[in-house]
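I have placed the structure first, in the form of structure tokens, so that the comments after it can refer back to it.
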Amino acid sequence: MAWGLFGAGLLNAVLGLFQYYGLAGDLASWFTSPPTGRAWGTLRQRNQFATLLSLALVAMLWLYGTRDSRQARWGLMAAAVVLIAAAAASLSRTGLLQFVLVMAVASVAAWRERRGKAISRSFRLPPPFVLLAGIPLYFAFAAVLPYLAAGSDGWVAAAALTSRLQPAVVTTDSRVVLWQNVLTLITQRPLTGWGWGELSFAHFATLYNGPRFPVILDNAHNLPLHLAVELGIPAALLICGGFLWMVGAAKPWRERDPLRLMAWGLLGVILLHSLLEYPLWYGPFQLVFGLCLGILWPASPKRPKTNGRKLAAFAAAAWLALIGYAAWDYTRISQIYLPRDARLPAYRDDTLAKLQGSWLFSRQVDFAEVTLTAVTPANAAHMYELAGRVLHFSPEPRVIVKLIESAELLGRDAEAHALAERFRVAFPSDFARWLDNRPDDAPEL
Numbered sequence: 151m152a153w154g155l156f157g158a159g160l161l162n163a164v165l166g167l168f169q170y171y172g173l174a175g176d177l178a179s180w181f182t183s184p185p186t187g188r189a190w191g192t193l194r195q196r197n198q199f200a201t202l203l204s205l206a207l208v209a210m211l212w213l214y215g216t217r218d219s220r221q222a223r224w225g226l227m228a229a230a231v232v233l234i235a236a237a238a239a240s241l242s243r244t245g246l247l248q249f250v251l252v253m254a255v256a257s258v259a260a261w262r263e264r265r266g267k268a269i270s271r272s273f274r275l276p277p278p279f280v281l282l283a284g285i286p287l288y289f290a291f292a293a294v295l296p297y298l299a300a301g302s303d304g305w306v307a308a309a310a311l312t313s314r315l316q317p318a319v320v321t322t323d324s325r326v327v328l329w330q331n332v333l334t335l336i337t338q339r340p341l342t343g344w345g346w347g348e349l350s351f352a353h354f355a356t357l358y359n360g361p362r363f364p365v366i367l368d369n370a371h372n373l374p375l376h377l378a379v380e381l382g383i384p385a386a387l388l389i390c391g392g393f394l395w396m397v398g399a400a401k402p403w404r405e406r407d408p409l410r411l412m413a414w415g416l417l418g419v420i421l422l423h424s425l426l427e428y429p430l431w432y433g434p435f436q437l438v439f440g441l442c443l444g445i446l447w448p449a450s451p452k453r454p455k456t457n458g459r460k461l462a463a464f465a466a467a468a469w470l471a472l473i474g475y476a477a478w479d480y481t482r483i484s485q486i487y488l489p490r491d492a493r494l495p496a497y498r499d500d501t502l503a504k505l506q507g508s509w510l511f512s513r514q515v516d517f518a519e520v521t522l523t524a525v526t527p528a529n530a531a532h533m534y535e536l537a538g539r540v541l542h543f544s545p546e547p548r549v550i551v552k553l554i555e556s557a558e559l560l561g562r563d564a565e566a567h568a569l570a571e572r573f574r575v576a577f578p579s580d581f582a583r584w585l586d587n588r589p590d591d592a593p594e595l
């Protein structure tokens with residue numbers, strides 16, 4: 151795991167620096183590239199990019215501590231400089247917090263092992279002053295990197311990170327407004343929550359007294375808040391409190407095993423990011439999180455019995471079968487989202503009808519049907535029921551319009567008016583365009 155994280159982080163760091171200077175070249179066709187002066191590697195989002203770099207840095211420290219070769223250690227330190235440079239190029243405030251946390255905790259661990267409380271005779275971190283020197287090095291890169299770029303935009307880019315650290319005017323798309331809206335939703339259903347996956351619908355359906363977060367809100371950008379708004383405050387307290395109790399019982403501050411120290415460091419990076427966004431909604435971070443929990447889970451000193459090994463083998467086979475089914479079902483369902491010529495031959499005609507019955511992606515099939523099917527008097531009842539269901543999955547203008555149109559055809563005028571008002575508040579520009587294109591004989595809203 152350590153080599154995998156380190157390798158992935160280093161490759162993304164190099165790619166990110168190329169992106170920062172507009173040197174990605176032919177690689178840009180393989181990945182979504184940011185504008186010059188920004189970097190996100192293959193992750194398409196700078197905070198996730200910065201989190202990967204922080205994970206790679208933690209893995210690098212473990213690799214450094216387990217290497218005996220001086221050349222290997224110097225090579226790892228050189229790679230760390232590249233990671234720090236790329237982290238500075240990301241302009242991520244979340245990444246900055248993670249980086250300072252990693253350097254500070256690693257410095258304490260290095261100081262502790264040099265005071266005779268050795269973690270392991272075969273494990274040795276860099277000196278504390280070297281680790282702490284990484285923090286001013288980060289800011290040095292943040293200041294110098296823009297000036298190394300060609301053109302007059304360097305002065306603007308140089309102040310980018312500094313400006314992101316300054317107190318700013320609260321706008322409707324800020325986390326402050328987002329969290330205010332989420333807290334309002336929590337007060338409406340504090341005990342049971344809105345239901346898992348229902349935050350986006352709750353946000354659309356609610357008319358706030360104050361500022362409104364202006365886009366579809368499918369995550370609270372804070373794990374405890376997200377659990378509270380979707381599952382209720384009691385469930386959130388139980389989950390978060392239970393996790394904190396397990397961490398306290400494990401006493402990570404007394405840890406001496408190098409591998410477990412690395413696992414705690416990786417968990418800390420992901421959890422810090424989870425207080426500001428939602429990395430645990432993405433497979434790579436879920437995988438790292440799960441592997442760390444596996445490393446930290448108390449192991450039985452007894453060797454597993456034969457039946458236990460058979461059960462583990464059966465579980466692994468079942469898991470692989472589930473992954474295979476998910477890959478096949480995803481490939482099948484994704485055909486409706488591709489141009490006809492890009493689809494598999496068997497799915498080029500009558501595609502939607504061939505996708506029914508999916509266990510894993512039925513909501514994606516319903517969404518495709520709603521957005522591709524015109525509302526008529528003949529199918530109004532079906533479209534009303536389908537669009538109402540899809541509204542809980544993705545309350546976006548295309549779905550809202552179909553629900554309003556089908557409600558009007560069914561004579562549900564009061565409901566159509568209420569939906570139109572929420573549409574106007576949630577997506578004012580889309581509502582205005584839709585209103586302008588309405589037929590002259592359409593019911594007045």
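In case it helps, this note's numbering puts the sequence shown at residues 151 to 595. We put the CB at the ideal spot given by N, CA and C, even for glycine. Quantities reported herein were computed from a predicted structural model and do not represent experimental measurements.
> When you compare only the Cα positions, how much space is there between W395 and L417?
Replying inline: For W395 and L417, the gap between their C-alpha atoms comes out near 15 Å.
> According to DSSP, is V551 helix, strand or coil?
Replying inline: Helix at V551.
> If you run the structure through DSSP and keep just helix, strand and coil, what is L203?
Replying inline: DSSP places L203 in helix when its eight states are reduced to three.
> Just the Cα atoms here: how many angstroms apart are N331 and F363?
Replying inline: Taking the straight line joining both Cα atoms gives about 7 Å.
> Given 8 Å as the limit, is there contact between the stretch 429-449 and the stretch 399-416, that is, 3 or more CB pairs closer than that?
Replying inline: Because the criterion of three Cβ pairs below 8 Å is met, the stretch 429-449 and the stretch 399-416 touch.
> What residue from I473, R493, L472 has the CA that sits closest to R482's CA?
Replying inline: Minimum Cα distance to R482 is reached at R493.
> DSSP state of S302, grouped into three classes?
Replying inline: Here S302 scores only 45 on pLDDT, less than 50, and its place in the model is too uncertain to base an answer on.
> Can you list, in chain order, the stretches of the alpha helix (DSSP H) that have 4 or more residues and sit fully within the stretch 324-364?
Replying inline: As far as the stretch 324-364 is concerned, its whole alpha helix (DSSP H) runs of at least 4 residues are 325-338, 349-355.
> Anyone know if the C-beta pair for T334 and Y358 falls short of 7 Å?
Replying inline: Cβ atoms of T334 and Y358: closer than 7 Å.
> Would you say L237 and A200 are within 7 Å of each other, going by their C-beta atoms?
Replying inline: Looking at the sequence provided, one finds Ala at residue 237 rather than Leu. Yes, they are a contact pair.
> If you compare alpha carbons, which of L281, R217, L298, F291 is closest to F273?
Replying inline: When only C-alpha atoms are compared, the closest one is R217.
> Residue range of the alpha helix (DSSP H) that N372 falls in?
Replying inline: Taken as a continuous stretch (DSSP letters only), N372 belongs to no alpha helix (DSSP H), as it is neither H nor E.
> If you check the beta carbons only, do F156 and M227 fall under 7 Å apart?
Replying inline: The Cβ atoms of F156 and M227 lie no closer than 7 Å to each other.
> Around the Cβ of K401, are there at least 16 other Cβ atoms within 10 angstroms (buried) or fewer (exposed)?
Replying inline: The residue in question, K401, is exposed, as its Cβ has fewer than 16 Cβ neighbours within 10 Å.
>> DSSP three-state label for H542, please.
In response: DSSP places H542 in coil when its eight states are reduced to three.
> When DSSP labels each residue in this structure, what does E427 get in the three-state scheme?
Replying inline: It is coil, neither helix nor strand.
> Is it buried or exposed for W153, if we count other Cβ within 10 angstroms and need 16 for buried?
Replying inline: W153 counts as exposed, since fewer than 16 other beta carbons sit within 10 angstroms of its beta carbon.
> Hey, T244 and H376: beta-carbon distance below 7 Å or not?
Replying inline: Between T244 and H376, the C-beta gap is not smaller than 7 Å, which leaves the two residues out of contact.
>> Please classify P278 as buried or exposed, where buried requires at least 16 other C-beta atoms within 10 Å of its C-beta.
In response: Flag for P278 reads buried.
>> Quick check on the burial criterion: 16 or more other C-beta atoms within 10 angstroms. Buried or exposed for H532?
In response: Within a 10 Å sphere around the beta-carbon of H532 sit fewer than 16 other beta-carbons, which makes this residue exposed.
> Does the separation of the CB atoms of L505 and V515 fall below 7 Å?
Replying inline: Taking 7 Å as the Cβ cut-off, L505 and V515 qualify as a contacting pair.
> In three-state DSSP terms, what is K684?
Replying inline: In the structure displayed, the chain extends from 151 to 595; residue 684 sits before or after that span and is not available.
>> Out of S484, I285, Y480, A259, which one is the CA nearest neighbour of L275?
In response: Taking only the C-alpha atoms, the option nearest L275 is A259.
> Using CA coordinates, which residue listed in R548, P429, E594, H542 is at the minimum distance from D563?
Replying inline: If we check each option's Cα against that of D563, E594 comes out closest.
> Do you know how far the Cα of T186 is from the Cα of S302?
Replying inline: No answer about S302 holds up, because its pLDDT of 45 lies below 50 and its placement is not dependable.
> Helix, strand or coil: how does DSSP classify M151 here?
Replying inline: Residue state, collapsed to three classes: coil.
> Should the stretch 544-555 be called in touch with the stretch 576-585, which here means at least 3 C-beta pairs below 8 Å?
Replying inline: When C-beta atoms of the stretch 544-555 are compared with those of the stretch 576-585, three or more pairs fall below 8 Å, so the two segments count as touching.
> In angstroms, rounded to a whole number, what distance separates the CA positions of I285 and F249?
Replying inline: Rounded to whole angstroms, the gap between the alpha carbons of I285 and F249 is 8 Å.
> If you draw a straight line from the alpha carbon of L165 to that of A524, how long is it in whole angstroms?
Replying inline: Taking C-alpha positions only, L165 is separated from A524 by approximately 44 Å.
> For V365, which of D580, D586, D590, L585 has the nearest alpha-carbon?
Replying inline: The candidate whose alpha carbon is nearest that of V365 is D580.
> The alpha helix (DSSP H) with S242 in it runs from where to where?
Replying inline: No residue range can be given for S242, since it is assigned to no alpha helix (DSSP H) and is classified by DSSP as neither H nor E.
>> Let's see if you can read the secondary structure: which residues bound the alpha helix (DSSP H) around S512?
In response: Annotation: the continuous alpha helix (DSSP H) that includes S512 extends over 512-522.
> Among residues of its own chain, excluding the 5 on either side of Y428, which ones have a beta-carbon nearer than 6 Å to its beta-carbon?
Replying inline: Hits under 6 Å: N369.
> Ends of the alpha helix (DSSP H) at G382?
Replying inline: DSSP places G382 in no alpha helix (DSSP H); its state is neither H nor E.
>> Please classify T501 as buried or exposed, where buried requires at least 16 neighbouring CB atoms within 10 angstroms.
In response: T501 should be labelled buried.
> Do A566 and I550 come within 7 Å of each other at the CB atom, strictly closer than that value?
Replying inline: Going by C-beta atoms, I550 is not nearer than 7 Å to A566.
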